[in-house]
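Colleague: Handing you this structure, nothing more for now.
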Amino acid sequence: MIRSRTFWFLVPLALLGVLVLIVVKGGTLKRLARGLPPVEELSVDRVRLTPGHIVVDVVNGGPDPVTIAQVMIDEAYWAHTMTPDRTVGRLGRGRIEIPYPWVEGEPHQIKLVTSTGVTFDHEILVAAETPRPDAQYFLVFTLIGLYVGVLPVAIGLLWLPFLKRLERRWIHFALALTAGLLVFLAVEALHEALEMAARVAGAFQGTGLVAIGVLLTWLGLQAFGGPGSRQQGAGDAAAGRMRLAFLIALGIGLHNLGEGLAIGAAYASGAVSLGAFLIVGFMIHNTTEGLGIVAPIAQDAPPLRTLVKAGLLAGGPTILGAWLGGVSYSPLLATLCLAVGAGAILQVIGVLYGALASETKTVWSPLNALGVATGLVLMYATGLLVAS
Amino acid sequence: MKRLSRREALKRGLLGIAGAASAASAGSIAHAAVVGGVDGAAHPDPHAVMTGGVPAGAGIDPTAFLRHFDYGEVSKRPNGQTVREYQIVALDRDLEVMPGVFYSAWTFDGGVPGPTLRCTEGDLVRVHFRNGGTHQHSMHFHGFHPASMDGVFEQIDPGGSYVYEFEAQPFGLQLYHCHTMPLKRHIAKGLYGAMIIDPKRARPRANEMVMVMNGFDVNFDGENEIYAVNTVPFAYQANPIVLQRGELNRIYLVNVLEFDLLNSMHIHANFFNVYRTGTSLVPSEFTDTISMGQGERHILEFTYDRPGKFMFHAHQSEFAELGWMGVFDVQGSGGPLV
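Protein sequence lines, in the order shown, are assigned to chains A and B.
Under our numbering, the first residue of the first sequence is numbered 431, with each subsequent residue one higher.
Under our numbering, the first residue of the second sequence is numbered 59, with each subsequent residue one higher.
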């Protein structure tokens with residue numbers, strides 16, 4: 431019985447194998463091919479600048495091999511070497527090293543000319559030496575992560591005593607507000623993930639990767655993130671609220687991982703400009719994230735240690751992301767991180783809804799609706815500080 | 059100005075912090091980069107800007123093309139007039155216009171530029187044209203001729219042929235090219251060449267060279283990626299043109315460059331006499347740089363008094379670095395010339 435089941439499972443697979451063989455070995459391909467030059471696709475994955483040198487990593491995301499014949503920098507042909515080979519196979523990678531006297535602080539254009547005359551462009555927005563991952567570098571990124579991730583979140587956590595002194599319905603308002611914040615972050619993370627996905631080499635299907643990242647994270651947290659708050663007994667209520675707080679912290683943390691990655695990459699690619707105002711704006715913006723974490727546990731008395739843990743979980747990944755982004759950045763990795771962040775936040779929003787539903791009869795009371803709206807507007811308004 | 063996204067703003071702001079928080083680190087990185095930018099000697103050998111030399115599949119040998127003139131099959135009419143007959147066939151060819159870069163060109167006789175036709179004013183020129191390509195083509199000669207010989211209204215289908223017949227007039231440096239619409243594409247793809255009509259009283263003996271300034275839009279975006287004289291970028295840098303000190307040099311310079319409004323030629327450490335369109339035996343100008351629009355052509359004459367390597371190139375630096383650059387290797391030794 432089992433044997434026949436296995437047999438019938440394998441029959442379509444075997445037939446598929448035979449079909450593939452016929453197409454590849456038989457004359458079918460020749461009949462289908464129109465003798466046109468292949469549509470080439472090549473993505474620049476990463477550009478590193480060292481004194482007097484530009485190193486370009488390329489990925490072939492197209493259906494056919496691509497041969498890079500010449501390299502143009504700033505509209506001039508330039509001597510270069512390419513490893514491992516001038517021809518980059520499907521899903522393959524290549525590295526081009528170009529000795530070039532690039533100019534600190536100025537943009538440069540790279541144009542790769544393939545054997546069929548197709549060109550692929552990449553712009554270095556602001557040339558700066560790619561930082562080496564030494565102690566100094568890690569120190570700088572730790573500082574960045576502290577400023578943007580850890581400290582603002584920690585400050586936001588300090589709203590806990592204030593929340594404690596609120597009436598129950600205002601606690602619910604705070605939870606709704608948290609949901610609003612998270613919806614804003616989720617939309618933003620999704621947008622950034624899709625934007626980054628456009629830079630992923632075609633064959634790696636950036637958009638599909640976003641869907642996978644978002645949904646797998648959502649499903650994973652849903653399936654393994656602990657029992658939903660609705661199934662809990664009254665005794666577990668406090669533990670459930672704590673779990674919710676940590677879920678929110680995790681969601682924000684995964685989101686910040688993606689942010690950190692982008693920062694690291696920007697630092698590595700040299701998009702540098704001083705803007706204290708922006709930093710301040712960002713700190714205000716991200717402080718609201720801390721508020722979101724403590725909203726569910728306002729009625730409890732968590733020990734300080736727990737709060738520190740939650741703060742590190744939410745803010746710490748910024749540092750990790752920044753390190754990663756600077757050392758080994760790729761659009762693929764960035765897309766995946768941003769998508770995971772979006773998925774985590776979406777899942778937390780669902781859990782928040784469950785928590786509210788278990789505590790009140792009418793989830794969508796005017797006050798709660800106002801809470802969500804306030805959360806959205808708060809993120810938008812503090813976001814204005816950043817975008818100026 | 060691009061609108062800043064949140065993340066973009068984030069990056070910039072943060073990098074600001076990074077600088078402020080660790081001024082020493084940011085400073086040291088900036089310093090290192092400046093040093094790198096300045097003394098990282100990058101263009102180590104000016105001959106090595108392009109990877110590879112003159113490609114085998116270029117369709118022409120630039121060095122041979124320089125001094126190759128097609129005088130046609132010569133006969134005499136009873137009235138004493140010289141008749142020159144040329145066989146020219148239009149062919150589709152994939153040319154390796156630059157090492158490793160292949161361009162699906164349309165050619166006269168399999169190369170770009172087409173052969174340099176040469177005759178004397180008053181000769182009867184008869185060009186037997188056959189279209190071996192896949193599109194309609196024609197031949198349009200600059201010069202005096204009847205309307206039916208103008209190559210505009212008589213388009214030749216693939217497989218078809220046509221005989222262009224006219225008396226070579228006026229003397230000078232002429233141009234021929236395909237005049238099929240879309241004209242831009244037919245010219246950009248390589249259907250052009252030079253035609254020299256010598257004056258009855260020949261110009262003084264000289265080392266004569268043909269230089270057709272052209273380019274290739276290899277990705278078909280309406281801009282050239284490759285600039286050159288005689289098709290192959292940097293060809294005369296890889297293989298410098300040997301000149302003899304004290305010898306008169308004469309360049310038949312034609313500009314057929316598509317897409318760019320102007321092209322030019324500049325020679326180093328020397329000046330040349332310009333015979334505009336080659337229609338006069340008296341020079342109109344003495345200069346070292348001449349600008350030319352598409353279709354313009356001039357004869358340049360100059361002599362090098364000193365031995366050594368001298369560069370010549372388009373004085374649009376962009377064109378020069380994209381291939382329109384070459385070197386004269388002036389040979390001969392001894393004291394000053396008298």
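Here a beta-carbon is modelled for each residue, glycine too, at the ideal position from N, C-alpha and C.
1. Using 10 angstroms around the beta-carbon of GLY384 of chain B, count the other beta-carbons present and answer buried if the total reaches 16, otherwise exposed.
2. Using a Cβ-Cβ distance cut-off of 8 Å, determine whether ALA506 of chain A contacts chain B.
3. Counting only C-beta atoms, is GLY500 of chain A closer than 8 Å to chain B at any point?
4. Could you tell me whether the Cβ of VAL543 of chain A comes closer than 8 Å to any Cβ of chain B?
5. Would the region 799 to 807 of chain A and the region 593 to 607 of chain A be scored as touching if the rule is three or more Cβ pairs under 8 Å?
6. Per DSSP, which residues does LEU153 of chain B bridge with? Please list them.
7. Using a Cβ-Cβ cut-off of 6 Å (strictly less than) and excluding sequence neighbours within five positions of GLY390 of chain B, which residues of its own chain qualify?
8. Starting from the beta carbon of THR718 of chain A, find every residue of chain B whose beta carbon is closer than 9 Å, and list them in chain order.
9. Is there at least one Cβ from chain B nearer than 8 Å to THR549 of chain A's Cβ?
10. Can you tell which of B:LEU249, B:ALA205, B:LEU153, B:VAL132 has the C-alpha that lies nearest to the C-alpha of ARG184 of chain B?
11. Count the other C-beta atoms from every protein chain shown that fall within 10 angstroms of the C-beta of MET207 of chain B, then say buried if there are 16 or more, exposed otherwise.
12. Measuring straight from C-alpha to C-alpha, what distance separates HIS195 of chain B and ALA163 of chain B?
13. On the three-state DSSP scale, how would you describe ALA82 of chain B?
14. Would you list, in sequence order, the uninterrupted beta strand (DSSP E) runs of no fewer than 3 residues that lie entirely inside the region 541 to 619 of chain A?
15. Let me know the secondary structure DSSP gives CYS767 of chain A once reduced to three states.
16. Within this structure, are the beta carbons of LEU175 of chain B and THR140 of chain B separated by less than 8 Å?
17. Run through chain B and tell me which residues come within less than 9 Å of THR497 of chain A, C-beta to C-beta.
18. Going by DSSP in three states, PHE439 of chain A sits in which element: helix, strand or coil?
19. Quick one: which chain B residues come within Cβ less than 7 Å of THR371 of chain A?
20. Please state whether DSSP places GLY519 of chain A in a helix, a strand or coil.
21. Short of 7 Å in beta carbon distance, which residues of its chain neighbour HIS326 of chain B, apart from the five on each side in sequence? Order them along the chain.
22. How about HIS276 of chain B: is its C-beta nearer than 8 Å to some C-beta of chain A?
23. Please compile the residues from chain A whose C-beta is within a distance smaller than 8 Å of the C-beta of GLU379 of chain B.
24. Give the range of the alpha helix (DSSP H) segment to which ARG735 of chain A is assigned.
25. Assign PRO531 of chain A to one of three DSSP states: helix, strand, or coil.
26. When every heavy atom of the ligand ATP is checked, does at least one fall within less than 7 Å of the C-beta of PHE676 of chain A?
27. Out of A:ALA509, A:ALA558, A:LEU593, state which residue places its alpha-carbon closest to the alpha-carbon of GLU533 of chain A.
28. Starting from GLU376 of chain B, find everything on chain A with Cβ-Cβ shorter than 8 Å and list it in chain order.
29. My output table needs one value for TYR294 of chain B: the three-state DSSP class, helix, strand or coil.
30. Contact check, ILE484 of chain A vs VAL477 of chain A under 8 Å by CB: the rounded distance?
31. For the region 272 to 296 of chain B, enumerate the residues whose C-beta is nearer than 9 Å to any C-beta of chain A, in chain order.
32. Please identify the residue among A:LEU687, A:THR718, A:GLY535 whose C-alpha is closest to the C-alpha of GLY755 of chain A.
33. Does the Cβ of LYS134 of chain B have 16 or more other Cβ atoms within 10 Å, making it buried, or fewer, making it exposed?
34. Residues in the same chain with beta-carbon distance under 6 Å from TYR129 of chain B, minus the five sequence neighbours each way, listed in chain order, please.
35. If distances are taken between C-alpha atoms only, which option among A:LEU674, A:THR560, A:ASN716 comes closest to THR480 of chain A?
Modeller: The short version:
1. Looking at its Cβ environment, which holds 16 or more other Cβ atoms inside 10 Å, GLY384 of chain B is buried.
2. Chain B, which has a Cβ nearer than 8 Å to the Cβ of ALA506 of chain A, makes this yes.
3. Residue 500 of chain A is actually Gln in this sequence, not Gly. Judged by the 8 Å Cβ criterion, GLN500 of chain A is in contact with chain B.
4. For VAL543 of chain A, the nearest beta carbon of chain B is closer than 8 Å to its own beta carbon.
5. In short, these stretches touch, since the Cβ pair count reaches three.
6. DSSP, once it has assigned bridges, lists B:TYR161 as partnering LEU153 of chain B.
7. GLN302, ARG303, PRO365.
8. The premise fails here: THR718 of chain A is roughly 14 Å from chain B at the closest Cβ pair, so nothing lies under 9 Å.
9. Answer yes: the Cβ-Cβ gap between THR549 of chain A and chain B drops below 8 Å somewhere.
10. From the listed residues B:LEU249, B:ALA205, B:LEU153, B:VAL132, the smallest Cα separation to ARG184 of chain B is found for B:VAL132.
11. Looking at its Cβ environment, which holds 16 or more other Cβ atoms inside 10 Å, MET207 of chain B is buried.
12. If you take the alpha carbons of HIS195 of chain B and ALA163 of chain B, they lie about 13 Å apart.
13. With a pLDDT of 35 at ALA82 of chain B, under the threshold of 50, the modelled position of that residue is not reliable, and the figure given next carries that caveat. Secondary structure at ALA82 of chain B: helix, using DSSP grouped into helix, strand and coil.
14. 549 to 554, all fully within the region 541 to 619 of chain A.
15. The three-state secondary structure of CYS767 of chain A, taken from DSSP, is helix.
16. No, these two residues do not count as a Cβ contact at 8 Å.
17. By Cβ distance, chain B contributes GLY158.
18. Three-state DSSP puts PHE439 of chain A in a helix.
19. In this structure chain A extends from 431 to 818, so residue 371 of chain A is not present and cannot be described.
20. In the structure shown, GLY519 of chain A falls within a coil segment according to DSSP collapsed to helix, strand and coil.
21. Contacts found: PHE368, MET369, PHE370.
22. His is not the amino acid found at residue 276 of chain B; the sequence shown has Val there. Answer yes: the Cβ-Cβ gap between VAL276 of chain B and chain A drops below 8 Å somewhere.
23. GLU505, ALA506, TYR507, listed in chain order.
24. Taken as a continuous stretch (DSSP letters only), the alpha helix (DSSP H) holding ARG735 of chain A covers 734 to 757.
25. Looking at PRO531 of chain A - three-state DSSP - the assignment turns out to be coil, as it is neither helix nor strand.
26. By its list of ligands, the structure shown contains no ligand whatsoever, and the ligand ATP lies outside what it can speak to.
27. For clarity, residue 533 of chain A is Val in the given sequence; the question names Glu instead. Of the candidates A:ALA509, A:ALA558, A:LEU593, the one whose C-alpha sits nearest the C-alpha of VAL533 of chain A is A:ALA558.
28. Result: GLU505, ALA506.
29. Of the three classes helix, strand and coil, the one that applies to TYR294 of chain B here is helix, per DSSP.
30. Cβ atoms of ILE484 of chain A and VAL477 of chain A come within 8 Å of each other, at about 7 Å.
31. Along the region 272 to 296 of chain B, the positions whose C-beta sits under 9 Å from a C-beta of chain A are PHE274, ASP275, VAL276, ASN277, PHE278, ASP279, GLU283, ILE284, PRO291, PHE292, read in chain order.
32. Measuring from the Cα of GLY755 of chain A, the nearest candidate turns out to be A:LEU687.
33. Per the 10 Å Cβ criterion, exposed.
34. Excluding five sequence positions before and after TYR129 of chain B, the CB atoms of its chain that fall closer than 6 Å to its own CB belong to ARG176, given in chain order.
35. From the listed residues A:LEU674, A:THR560, A:ASN716, the smallest Cα separation to THR480 of chain A is found for A:THR560.
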